[in-house]
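Worksheet: one structure, shown below.
Residue numbers (UniProt numbering): 1 to 290.
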């Protein structure tokens with residue numbers, strides 16, 4: 001990661017100040033007439049192109065010199081050098097930065113439901129994502145993860161072949177959580193009237209078939225969740241599993257799941273597959289997620 005500047009050059013302006021100056025000039029130009037503004041932007045673009053070409057030629061001329069590669073890497077640790085070389089495409093974004101950029105594409109949708117997400121780690125071909133705010137602990141978070149976050153990362157960073165959701169910090173709350181994922185409407189298909197809410201009293205769990213899919217319904221107070229009836233371990237149905245205090249235990253190998261969120265308490269790296277669910281009046285509606 002780039003440093004903010006070496007101590008011996010503490011009198012030099014930092015990146016924030018330099019960018020602030022540029023932003024101030026751009027804001028000033030917004031008040032100019034069209035001809036002046038277009039001319040200023042064209043001049044800035046031409047200077048950018050000139051600098052970029054100069055950097056490329058300089059690096060091409062020096063790259064055969066002994067130690068040049070290491071020297072460039074060392075120089076790029078300075079945040080100002082790094083920012084300029086990145087702007088001109090001399091340095092490519094790191095894998096972490098590309099995952100962050102992919103996550104940025106879905107943040108507006110997460111924010112619409114009071115949530116957010118952050119990159120917890122990127123190692124090799126694996127990225128780990130942590131939900132924040134209302135998305136943290138929301139029973140719709142699995143749908144949000146698979147339909148939104150995971151897909152965005154796979155689309156934008158194909159080198160990442162494994163995307164995992166890691167445990168959040170507990171920032172969500174019942175007063176802020178939206179139980180329909182913000183990505184539910186992007187999945188296609190239609191909402192299915194699954195059952196009457198009265199059939200699912202508080203604290204109960206039902207195994208039903210909806211749209212040809214075996215599913216698990218659970219209710220805790222006003223919270224209704226719906227998951228595919230398949231253990232994340234081997235995909236076996238859990239209809240005969242014991243349910244106690246909102247925890248479903250797979251009858252085959254004992255994997256335990258929190259029906260409030262789908263989280264696996266036995267192996268936190270896996271979760272139940274969530275379906276979109278909402279309550280309209282007295283009806284529970286489900287949108288089956290492939």
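Think of the CB as a built atom: it goes at the ideal place given N, C-alpha and C, for glycine as much as any other residue.
Residue range of the alpha helix (DSSP H) that includes residue i
i: residue 47; result: 34-62
i: residue 157; result: No alpha helix (DSSP H) contains residue 157, which DSSP labels as neither H nor E.
i: residue 21; result: 15-29
i: residue 83; result: 79-87
i: residue 291; result: In this structure the chain extends from 1 to 290, so residue 291 is not present and cannot be described.
i: residue 70; result: 68-75
Pairwise C-alpha distance: residue j and residue i
i: residue 287; j: residue 214; result: 13 Å
i: residue 45; j: residue 90; result: 16 Å
i: residue 290; j: residue 228; result: 10 Å
i: residue 238; j: residue 246; result: 14 Å
i: residue 221; j: residue 201; result: 8 Å
i: residue 144; j: residue 100; result: 17 Å
i: residue 18; j: residue 266; result: 50 Å
i: residue 285; j: residue 231; result: 23 Å
i: residue 118; j: residue 197; result: 35 Å
i: residue 62; j: residue 157; result: 31 Å
i: residue 178; j: residue 226; result: Only weak support is given to the placement of residue 178: the predicted model assigns it a pLDDT of 40, under 50, and the value that follows is read from those uncertain coordinates. About 14 Å.
i: residue 59; j: residue 93; result: 18 Å
i: residue 69; j: residue 98; result: 23 Å
i: residue 32; j: residue 20; result: 19 Å
i: residue 40; j: residue 13; result: 24 Å
i: residue 131; j: residue 104; result: 13 Å
i: residue 65; j: residue 74; result: 15 Å
i: residue 293; j: residue 26; result: Since the first and last residues shown for the chain are 1 and 290, residue 293 lies out of range.
i: residue 11; j: residue 106; result: 39 Å
i: residue 235; j: residue 150; result: 20 Å
i: residue 244; j: residue 216; result: 15 Å
i: residue 96; j: residue 120; result: 10 Å
i: residue 191; j: residue 218; result: 18 Å
i: residue 255; j: residue 195; result: 27 Å
i: residue 207; j: residue 199; result: 12 Å
i: residue 281; j: residue 136; result: 26 Å
i: residue 276; j: residue 109; result: 16 Å
i: residue 77; j: residue 71; result: 10 Å
i: residue 47; j: residue 56; result: 14 Å
i: residue 123; j: residue 82; result: 22 Å
i: residue 43; j: residue 161; result: 42 Å
i: residue 67; j: residue 127; result: 32 Å
i: residue 111; j: residue 212; result: 33 Å
i: residue 175; j: residue 271; result: Its pLDDT being 41, under 50, residue 175 is placed unreliably by the model, and the measurement read from it follows with that caveat. In a straight line, the C-alpha of residue 175 is about 24 Å away from that of residue 271.
Whether residue i touches residue j by CB criterion (8 Å)
i: residue 279; j: residue 210; result: no
i: residue 242; j: residue 249; result: yes
i: residue 125; j: residue 154; result: no
i: residue 233; j: residue 253; result: yes
i: residue 263; j: residue 164; result: no
i: residue 134; j: residue 148; result: no
i: residue 129; j: residue 84; result: no
i: residue 24; j: residue 37; result: no
i: residue 79; j: residue 15; result: yes
i: residue 152; j: residue 102; result: yes
i: residue 193; j: residue 113; result: no
i: residue 251; j: residue 240; result: yes
Contact with chain E by residue i, beta-carbon distance below 8 Å
i: residue 202; result: Here there is only one protein chain, and chain E is not present.
First through last residue of the beta strand (DSSP E) which encompasses residue i
i: residue 227; result: 223-228
i: residue 163; result: 162-166
beta-carbon residue i near the ligand MN non-hydrogen atom, thresh 7 Å
i: residue 129; result: Among the ligands in the structure shown, none appear at all, so the ligand MN cannot be discussed.
**Report entry** beta strand (DSSP E) runs wholly inside the region 102-155, at least 3 long, in chain order
**Finding:** 115-123 and 126-133
Requested in this report: May I have a chain-ordered list of the beta strand (DSSP E) segments no shorter than 3 residues that lie completely inside the UniProt domain "Rieske" (192-286)?
Outcome: 192-196, 205-210, 213-220, 223-228, 242-244, 247-249, 256-258 and 276-280
Query raised in the report: Pairing CB atoms from the region 75-92 with CB atoms from the region 52-60, are three or more of them under 8 Å?
Result: yes
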